[in-house]
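**Student:** Chains as they are written, first to last, in my numbering: chain A, 202 to 294; chain B, 202 to 294.
2 protein chains.
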Amino acid sequence: MLGAKLKELREINGYVQRQIAAELEVDTAYISKVENDEKPLSKSHLKKIAKLFKVAEKELVVIWLADKILNTIHDEENKQQALQLALNTLTKS
Amino acid sequence: MLGAKLKELREINGYVQRQIAAELEVDTAYISKVENDEKPLSKSHLKKIAKLFKVAEKELVVIWLADKILNTIHDEENKQQALQLALNTLTKS
DNA sequence: CTATTTTTGACCTTTATTGTACAAGTTTTA
DNA sequence: TAAAACTTGTACAATAAAGGTCAAAAATAG
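Written out as structure tokens, the structure reads:
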């Protein structure tokens, strides 16, 4: 989910992966994997990207977190109920 | 959340921690921590407990998973939105 | 066709988490 | 108040996950 968003952002701004990699001082292979949701992105990198493309950090963080949640439960049977329960718990507290 | 449920189950069934510990072949200190949500419980242990107290495994798994989710995001700002997004994503797929 | 970009796979190091154990302290119960 | 039950702190090995790298292959653009 985050990967697609990041890629979209990159393309809209006319960047190639190499340029993002340079900004974050990492390998382009890593960027590729992040865009394909094969590797997580650290929060500090996420912040840099938000700044770079002038997009609200919160917007990206929400997606980043949702991805984390989904990863936590990805091969479970009752994810939906669990998510619902988690949301309820949070809402009532 | 799971800890309280487990404790309730244990007390309803008139068990002391030592007995649960024996069933799972672990230290009672561990059971104490699990009941106080200080340590996670492995899924296999969870299954054994469900069987022991004849409660639907699913019921416990849902709580166990919800706890996992909540832990993943516990000190984040926009958890609620993230959870909502995760739930939406899951629902539409 | 060739140059650039992107992807893939294998690997590596560091950090975090899990599952345990033990000892000692505290609380509860009889 | 003594015994049983429970909690707390510390430690540790094993495992998993994070956060990368490098080289080579595949895809795409010009």
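Every residue, glycine too, gets a C-beta built ideally from N, C-alpha and C.
#1: Step through the CB atoms of chain B and report whether any lies within less than 8 Å of the CB of residue 286(A).
#2: Using 8 Å for Cβ pairs, my map puts residue 267(B) next to residue 267(A). What's the rounded Cβ distance?
#3: If we ignore side chains and look at the alpha-carbon of each, how far apart do residue 226(B) and residue 203(A) end up?
#4: By Cβ distance below 7 Å, which residues in the same chain neighbour residue 218(B) in space, the five residues on each side in sequence not counted?
#5: Strictly below 8 Å CB to CB, what residues from chain B border residue 277(A)?
#6: Is there at least one Cβ from chain A nearer than 8 Å to residue 247(B)'s Cβ?
#7: Determine the chain B residues that contact residue 271(A) at a beta-carbon separation under 8 Å, and present them in chain order.
#8: Just the Cα atoms here: how many angstroms apart are residue 216(A) and residue 239(A)?
**Tutor:** The relevant details are as follows:
#1: Sequence index remark: in the first sequence, residue 286(A) carries index 85 (1-based). Output row for residue 286(A): interface = yes.
#2: Translated into the one-based positions of the second sequence, residue 267(B) becomes position 66. Translated into the one-based positions of the first sequence, residue 267(A) becomes position 66. About 16 Å; that fails the 8 Å criterion.
#3: For this step, residue 226(B) is matched to residue 25 along the second sequence. For this step, residue 203(A) is matched to residue 2 along the first sequence. Their Cα atoms are separated by approximately 42 Å.
#4: Reading the second sequence from its first residue, position 17 is the one you call residue 218(B). Once the five neighbours on either side are set aside, the close Cβ partners of residue 218(B) are 229, 232 and 233.
#5: Taking the first residue of the first sequence as position 1, residue 277(A) is located at position 76. Neighbours of residue 277(A) on chain B, chain order: 262 and 266.
#6: The residue labelled residue 247(B) in the question sits at position 46 within the second sequence. Look at residue 247(B): its C-beta is not under 8 Å from any C-beta on chain A.
#7: For the purposes of this step, residue 271(A) is taken as the residue at position 70 of the first sequence. Within chain B, the residues near residue 271(A) are 287, 290 and 291.
#8: Counted from its first residue, the first sequence places residue 216(A) at position 15. Counted from its first residue, the first sequence places residue 239(A) at position 38. Taking the straight line joining both Cα atoms gives about 20 Å.
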